Amino acid sequence: MTTSNDEPPDRRLHVGPALSRLNLYDLAPAQLQKTLGEIVFPPFRVKQIVQWMHHRGVDAFDAMNNLPKELRAKLAERFTLEFPHVLERTAPASDGSQKYLFVLPDGNRIESVYMPMRDRTSICLSSQAGCAVGCTFCVTGFFGAGRNLTPSEMVGQFFIVQREHDVPLELMNVVFMGMGEPLLNMENLVPTLDMLYTNVAPKRVTVSTSGIIPGIDELAKLDRRPNLAVSINAPDRKRREEIMPITKKYPLDALMAALHRYPTDRGREVTIEYVLLAGYNDSPADAAALARLIHGLRAKVNAIPFNEDPNLPKWMQRPTDEAIDDFVDALVESGAHVTVRRSKGREIAAACGQLRGKTERKLPQRRVDRALRTEPAEIERDVVHRERR
Ligand code: SF4
């Protein structure tokens with residue numbers, strides 16, 4: 001299946017802020033070529049504009065200095081290249097990671113994370129301003145639903161962080177593990193992926209979901225598929241329903257069937273994200289049950305010790321290092337491929353929504369103890385890989 005390149009641009013714009021001028025970054029590559037081709041002559045000028053956008057990430061027509069002034073003025077009359085604006089950035093953590101808080105034209109705030117690693121650099125992007133899924137261990141879920149982000153708002157996060165750190169595009173990884181459920185924003189996610197693929201191969205892009213089965217199946221049909229990460233967090237349906245209400249709509253057994261359907265060709269694996277909550281889902285018996293659950297799936301487990309946050313229920317605690325080791329050892333002994341994020345997230349409030357949560361704590365809140373929510377949105381840094389010895 002191809003992407004939604006042929007769709008009219010306004011289909012992707014209805015969720016965003018009302019803009020009088022079309023943001024060219026809201027168009028998938030084929031639609032951009034078509035739109036520009038109707039008003040820009042000669043045709044090589046279209047190619048130049050696309051180069052400035054998709055290879056350089058410029059957000060002003062005046063920066064396109066190989067275009068005639070008149071053409072730049074004409075473009076600016078009809079279109080915009082607006083990106084989100086940086087409201088705040090944390091100081092770099094000891095591992096160099098840095099979190100960004102952006103403000104959107106309608107006042108919504110979203111987060112991204114820059115994560116330098118030894119050989120490559122990852123950027124964690126938000127896909128929604130808020131999240132209606134309501135995972136009980138997640139600060140974003142705690143603050144509730146927002147709106148879908150437009151392609152320009154997603155690709156804008158990418159280019160702003162990439163340019164600020166001057167990261168070579170060929171060394172970039174992209175993970176959609178920030179605020180929001182990307183598979184509930186498919187209409188904007190697909191053109192965003194197409195734009196990102198100009199610089200970042202699909203195998204370097206990961207989309208993380210709480211388990212939206214129709215979205216997984218839709219993603220599976222794309223010609224250029226990203227990697228898939230799924231937030232599981234409990235080895236059985238009962239506990240998963242307690243901490244992830246979405247499971248009532250998309251039950252664990254149906255989700256596992258969808259994961260078995262997802263193509264994992266060319267050596268790729270599905271990532272099983274598992275937030276470790278002390279005394280709740282972190283026992284060696286839970287690890288063995290998780291290993292049984294994913295048996296036969298080409299998958300690796302990413303164990304993520306919970307990041308505590310004042311907005312989240314007090315009973316949710318990070319396990320001790322010893323408990324984390326016992327859990328991982330039991331998984332490894334069961335034959336699973338495991339990575340552990342020994343997060344330094346507390347340094348930069350790295351869990352999804354925590355930086356925004358810091359700035360919104362004075363707003364009226366729902367009852368904190370009603371349940372909690374997590375953060376699948378941590379990052380591929382400080383990762384310990386474990387396999388059977
Ligand atoms: S973990 Fe992800 S899907 Fe769940 S509430 Fe948070 S942002 Fe939404």
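Residue numbers for the sequence shown follow our numbering, beginning at 1 and rising by one.
Backbone N, C-alpha and C fix where the C-beta goes; we use that ideal spot for every residue, glycine too.
No experiment lies behind these values; they were computed from the predicted model shown.
Put simply, the backbone Cα of His-54 is about 34 angstroms away from that of His-260. Thr-80 places its beta carbon 8 angstroms or farther from that of Asn-148. Here Trp-315 is exposed: its Cβ has fewer than 16 other Cβ atoms, across all protein chains shown, within 10 Å. Here Ile-212 carries a coil assignment [DSSP, helix/strand/coil].
Straight-line measurement puts the Cα of Asn-311 at about 7 angstroms from the Cα of Val-139.
Taking a contact to require three or more Cβ pairs closer than 8 angstroms, the stretch 125-135 and the stretch 146-166 qualify as touching. In this structure, the alpha-carbon of Met-244 lies about 8 angstroms from that of Ser-210. Beyond the five residues adjoining it in sequence on each side, Ala-60 comes within less than 8 angstroms, by CB distance, of Leu-81 in the same chain, given in chain order. With distances taken between CA atoms, Ile-110 lies nearest to Thr-150 out of Asp-119, Met-117 and Thr-150. Annotation for Lys-34: the continuous alpha helix (DSSP H) segment containing it runs 29-37. Shortest Cα-Cα distance from Ala-229 to any of Lys-238, Ile-212 and Pro-235 involves Ile-212.
Pro-168 and Gln-162 have their C-alpha atoms spaced approximately 8 angstroms apart. Beta bridge pairing from DSSP links Ser-231 with Glu-273. In the DSSP assignment, Met-186 falls within the unbroken alpha helix (DSSP H) covering 186-196.
In this structure, the C-beta of Glu-153 stays at least 7 angstroms away from each heavy atom of ligand 1.
Remark: the C-beta of Val-175 is outside contact range of ligand 1, defined as less than 7 angstroms to any heavy atom. Distance check between Arg-240 and each of Thr-136, Ala-93 and Ala-303 places Thr-136 closest, using alpha-carbon atoms only. DSSP assignment within the stretch 237-301 yields the following whole alpha helix (DSSP H) runs of 4 residues or more, N-terminal first: 237-243, 252-261 and 284-293.
With a minimum length of 3 residues, the unbroken runs of beta strand (DSSP E) contained wholly in the stretch 130-206 fall at 172-176.
The continuous alpha helix (DSSP H) containing Pro-43 extends over residues 43-50. Residues Ala-129, Gly-130, Gly-146 and Arg-147 of the same chain have their beta carbon placed closer than 8 angstroms to that of Asn-108, with the five preceding and five following residues left out of the count.
When C-alpha distances from Gly-267 are compared across Lys-203, Leu-183, Asn-302 and Glu-322, the shortest belongs to Lys-203. The closest CA to that of Leu-183, considering only Glu-170, Ala-132 and Asp-223, is found on Ala-132. For a cut-off of 8 angstroms, the C-beta gap from Met-172 to Thr-121 is around 6 angstroms, short enough to register as a contact.
In this structure, Met-179 has its CB closer than 7 angstroms to one or more heavy atoms of ligand 1.
Leaving aside the five residues that flank Leu-297 on each side, the residues in its chain whose CB is nearer than 7 angstroms to its CB run, in chain order, Leu-259, His-260 and Val-270. Two segments are said to touch when three or more pairs of C-beta atoms, one from each, lie closer than 8 angstroms; by this definition the stretch 89-96 does not touch the stretch 33-42.
Taking the CA atoms as reference points, Ile-49 sits about 35 angstroms from Thr-264.
Within the stretch 45-96, the complete beta strand (DSSP E) segments of 3 residues or longer fall at 85-89, listed in chain order. The C-beta distance from Asp-236 to Ala-289 rounds to 7 angstroms, short enough to fall under 8 angstroms. Judged by DSSP in its simplified three-state form, Phe-327 adopts helix.
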